[in-house]
Amino acid sequence: MRIRNLTKFHINGLNQEKILNELSKHFQLSEIDRQDKNNTLFMCSYFDSKKIEKFLKKSNIKIVSIQYDGPVYKIKNIFSSWGMICALVLFFLFFLIQYQFILQFDIQGLVRVSKSEIVEYVNKNFSRNKFDLDTKLVEIGLIENFSRISFASCIIKGQTLVINIKEKLMPEEMYGQFKPLVAKSDARINNINLISGTLKVKVGDFVQKGDVLVEPFTIDTSGNIKKVEAKAEILADIYYESSVSHSEHFIEVTRTGNVVEQNDIYLFGLKIYSFKQDIPFKMYEVEKENVKLTNNLFLPFKMQKIKIYELVENIIETTFYEVKDEYIEKARQKALENIENCDKIKEEFYNLRHQVGVTILDYCIITEENVGEYYDC
Numbered sequence: 012m013r014i015r016n017l018t019k020f021h022i023n024g025l026n027q028e029k030i031l032n033e034l035s036k037h038f039q040l041s042e043i044d045r046q047d048k049n050n051t052l053f054m055c056s057y058f059d060s061k062k063i064e065k066f067l068k069k070s071n072i073k074i075v076s077i078q079y080d081g082p083v084y085k086i087k088n089i090f091s092s093w094g095m096i097c098a099l100v101l102f103f104l105f106f107l108i109q110y111q112f113i114l115q116f117d118i119q120g121l122v123r124v125s126k127s128e129i130v131e132y133v134n135k136n137f138s139r140n141k142f143d144l145d146t147k148l149v150e151i152g153l154i155e156n157f158s159r160i161s162f163a164s165c166i167i168k169g170q171t172l173v174i175n176i177k178e179k180l181m182p183e184e185m186y187g188q189f190k191p192l193v194a195k196s197d198a199r200i201n202n203i204n205l206i207s208g209t210l211k212v213k214v215g216d217f218v219q220k221g222d223v224l225v226e227p228f229t230i231d232t233s234g235n236i237k238k239v240e241a242k243a244e245i246l247a248d249i250y251y252e253s254s255v256s257h258s259e260h261f262i263e264v265t266r267t268g269n270v271v272e273q274n275d276i277y278l279f280g281l282k283i284y285s286f287k288q289d290i291p292f293k294m295y296e297v298e299k300e301n302v303k304l305t306n307n308l309f310l311p312f313k314m315q316k317i318k319i320y321e322l323v324e325n326i327i328e329t330t331f332y333e334v335k336d337e338y339i340e341k342a343r344q345k346a347l348e349n350i351e352n353c354d355k356i357k358e359e360f361y362n363l364r365h366q367v368g369v370t371i372l373d374y375c376i377i378t379e380e381n382v383g384e385y386y387d388c
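Rendered as structure tokens:
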């Protein structure tokens, strides 16, 4: 549905039929309403209105009234308003002035160093004016004044100073956190290659998610406990399951193809024009899309397109065996969605369960994976 720019004329005079016939040869007229022999209403394109007005005056036809409608007329009124123009000029002057300054900080990579310390240091030692701020000096200053910082980089994005920081590793981080190795899923152990630590399971064991597989210590010949990194390669069968159900009778909602469109035009977030139609549908769904109205105007006009689609309910009747292959594949894909790092798929199978009017398909995929992960305290 296009947004229309129209002009409505109300004219008074004699020989109007001749005048209208002459106008129709050169311009497109619509909604012609002959109220009586002397009064007529008609509509034309906004862009033809000046020419038509000139023709009517030349033909000695009295113009009772002229009414304009459409976004172009509203935009023209905005540009002709001195108050609006002054407000826009002041707004852009204020924007240009404040745009020179940094208004916020985005500091990333901090663990032990406080963000407030970084912000306080930058505010005290450097200008907030973007054109006076040397980001290289900020980087050097952070490294020299904070003992925990080993690397810093700074860039200015808009009115934000973005600071990326890498902190120095402390001794306890260099030698590991000594976390236990635990099972990431329910599984059956197939093979174990222990590298360091104390093993808590054996081949053939069934484990549940979160069970400890390797403890982060060893016991020396004197019976002393020595902390080490828990490290091992443990291969196991992991079971990924999913279920889908099929009903012999179900209601499917689809679009009929009928659609109603509406449009709203905004300037600086304010709605200045709206074109709407009544919604004749009992069931419908709505889609919205924001688009730029034009690329040639300086002001940020935006248009929101609204589409209302008619929906209809259809009763679908199928037996499970008519769509069996489709449901098997649907269940298989659903199970595969849960598999992240699959080394090898060993086996796939499914089972059927029947209830009144419903068939449930259970699908299972067995994979062989490294089941260990570190426990995060």
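Take the sequence shown: its letters are residues 12 to 388, numbered as in the working numbering. For each residue, glycine too, the CB sits at the ideal point set by N, CA and C.
Taking buried to mean at least 16 other C-beta atoms within 10 Å of its own C-beta, is residue i buried or exposed?
i, result
"Tyr186", "Confidence at Tyr186 is low in this model, with a pLDDT of 45, below 50, so the placement of that residue should be treated as unreliable; the coordinate-derived value is given next. It counts as exposed."
"Met54", "buried"
"Ile69", "According to the sequence as given, residue 69 is Lys; it is not Ile. Classification of Lys69: exposed, given that the 10 Å Cβ count is below 16."
"Lys238", "exposed"
"Ile129", "buried"
"Thr18", "buried"
"Gly368", "exposed"
"Ser253", "buried"
"Thr265", "exposed"
"Ile236", "exposed"
"Val382", "buried"
"Pro82", "buried"
"Ala98", "exposed"
"Tyr338", "buried"
"Lys147", "exposed"
Could you check how far apart the C-beta atoms of residue i and residue j are, in whole angstroms? I think they sit under 8 Å.
i, j, result
"Lys357", "Ile377", "5 Å"
"Thr330", "Glu259", "6 Å"
"Gln273", "Ile327", "About 32 Å separates the two Cβ atoms, so there is no contact after all."
"Lys85", "Tyr284", "6 Å"
"Glu150", "Cys165", "5 Å"
"Val193", "Leu224", "6 Å"
"Val214", "Asn202", "7 Å"
"Phe20", "Ile113", "That pair is no contact at about 57 Å."
"Ile63", "Leu34", "6 Å"
Who are residue i's beta bridge partners in DSSP?
i, result
"His21", "Leu52, Ser76"
"Thr229", "Lys237"
"Lys355", "Glu379"
"Lys190", "Answer by DSSP bridge pairing: none, since Lys190 is not bridged."
"Ile203", "Ile245"
"Glu300", "Lys316"
"Glu5", "Only positions 12 to 388 of the chain appear in this structure, which leaves residue 5 out of reach."
"Lys168", "Thr171"
"Leu278", "Leu281, Phe312"
"Arg45", "Thr51"
"Gln273", "Ile317"
"Ile371", "Ser256, Arg364"
Would you identify the three-state DSSP class for residue i, choosing helix, strand or coil?
i, result
"Val149", "helix"
"Ser158", "coil"
"Gln344", "helix"
"Asn32", "helix"
"Ser258", "strand"
"Tyr385", "strand"
"Asp63", "First, the residue type needs correcting, since residue 63 is Ile and not Asp in the sequence shown. Three-state result, Ile63: helix."
"Ile290", "coil"
"Gln366", "strand"
"Gln27", "helix"
"Lys177", "strand"
"Asp336", "helix"
"Phe38", "coil"
With a threshold of 9 Å between beta-carbons, can residue i be considered close to chain B, or not?
i, result
"Gly268", "Considering every chain present, this structure includes no chain B. It has just one protein chain."
Just list the alpha helix (DSSP H) runs in the segment 72-145, keeping only unbroken ones of 4 residues or longer that don't cross its boundaries, in chain order. 82-90, 93-109, 126-136
Jot down the residue ranges of each uninterrupted beta strand (DSSP E) in the segment 231-255, minimum 3 residues, whole runs only, in chain order. 236-238
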